[in-house]
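Colleague: Heads up, the final residue of the sequence shown is numbered 149 in the numbering used here, and it's a clean run with no missing numbers.
Quick reminder that beta carbons are idealized off the backbone N, C-alpha and C, glycines included.
None of these values were measured; they are calculated from a predicted model.
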Amino acid sequence: MSIIVGGCYCGELRYEVNGSQEAAFQCHCRECQYITGGNANVVIVFSNSDFQYTKGAPSTFARSDLENPVIRHFCGVCGTGIGSRSPSRPKSMIVKVGTLDKPEDYQAQAAIFTCDKQAFHYISESIPSFEKRPPKK
Ligand SMILES: [Zn+2]
Ligand SMILES: [Zn+2]
C-alpha cells in the first residue's frame, strides 16, 4: 500500500491517501468543463476512509438548487479545486489529478459523459468511453 500525497497550488491545503485507487477516469460532462476551465476533468477515486487533509481545511461548494448536489472541495486562498464528494459514490473522495504531487503516475481507465464532449477534448483510443456512466458491475 502506498501513500499518495498532494495539495493545492499555494500549499495552504495538503492531503494524503493511505490506500489504492478505486477508479481513475476522465469526465467530459458540461459541469466538469466549468470546473477545469474547459477540458475533461481527470480524477482518481479513493475510499473516503483512506483520504484525509493533513494541512488546512477545504472550502466547499454545493449547488442549493439540486436535491443531491456534488460537494466540491477547493482552497479558499488560491482557489484550486481539490476534488469532490458525489452522491453517486457516497463512500469515496474524487480527487483531481492536477493536485497530486506526482500526477505523472495517473492513467485514466475510462472516459465518461462523452455526451458533452467538445471537439478539442482528447480521449486515448486505448481506453473505453461511455456516453454517461459505465454500467454498474
Ligand atoms: Zn491554495
Ligand atoms: Zn463531470
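Would you identify the three-state DSSP class for ASN80, choosing helix, strand or coil?
Modeller: If you number the sequence shown from 1, residue 80 lands on position 68. Coil, per DSSP.
Colleague: Can you tell me the Cα-Cα spacing of GLY31 and ILE56, whole angstroms?
Modeller: Here residue 31 is taken as the residue at index 19 of the sequence shown, counted from 1. Here residue 56 is taken as the residue at index 44 of the sequence shown, counted from 1. Near 12 Å, if we compare the C-alpha coordinates of ILE56 and GLY31.
Colleague: List the residues that DSSP assigns as beta-bridge partners of ARG101.
Modeller: Position 89 of the sequence shown, counted from the first residue, corresponds to residue 101. BP columns for ARG101 point to SER98.
Colleague: Only counting runs of 3 or more residues, tell me where the beta strand (DSSP E) segments fall wholly within the region 13-83, in order along the chain.
Modeller: Qualifying beta strand (DSSP E) stretches, in chain order: 15-19, 26-30, 35-39, 53-59, 63-67 and 71-73.
Colleague: Quick one: grab the DSSP three-state call for VAL109.
Modeller: Looking up residue 109 in the sequence shown gives position 97. Correct three-state label for VAL109: helix.
Colleague: Suppose the cutoff is 6 Å on Cβ atoms and the five residues either side in sequence are ignored; what does the same chain contact list for HIS40 look like?
Modeller: Counting from one through the sequence shown, the residue named residue 40 turns up at place 28. Excluding sequence neighbours, HIS40 sits near ALA52, PHE125, THR126, ASP128, LYS129 and HIS133.
Colleague: Per DSSP, what are the beta-bridge partners of ILE124 in this structure?
Modeller: One-based indexing of the sequence shown puts residue 124 at position 112. Looking at the DSSP assignment, ILE124 forms a beta bridge with CYS39.
Colleague: To the nearest angstrom, how far is the alpha carbon of CYS22 from that of PHE86?
Modeller: Along the sequence shown, read from residue 1 onward, the residue named residue 22 stands at position 10. Along the sequence shown, read from residue 1 onward, the residue named residue 86 stands at position 74. If you take the alpha carbons of CYS22 and PHE86, they lie about 12 Å apart.
Colleague: Thinking C-alpha only, which one of GLY91, GLU116 and PRO140 is nearest GLY49?
Modeller: On the sequence shown, position 37 is the one that residue 49 refers to. Nearest of GLY91, GLU116 and PRO140 to GLY49, Cα basis: GLY91.
Colleague: Using the beta-carbon count (16 or more within 10 Å), is TYR46 buried or exposed?
Modeller: Working through the sequence shown from its first residue, we reach residue 46 at position 34. Label assigned to TYR46: exposed.
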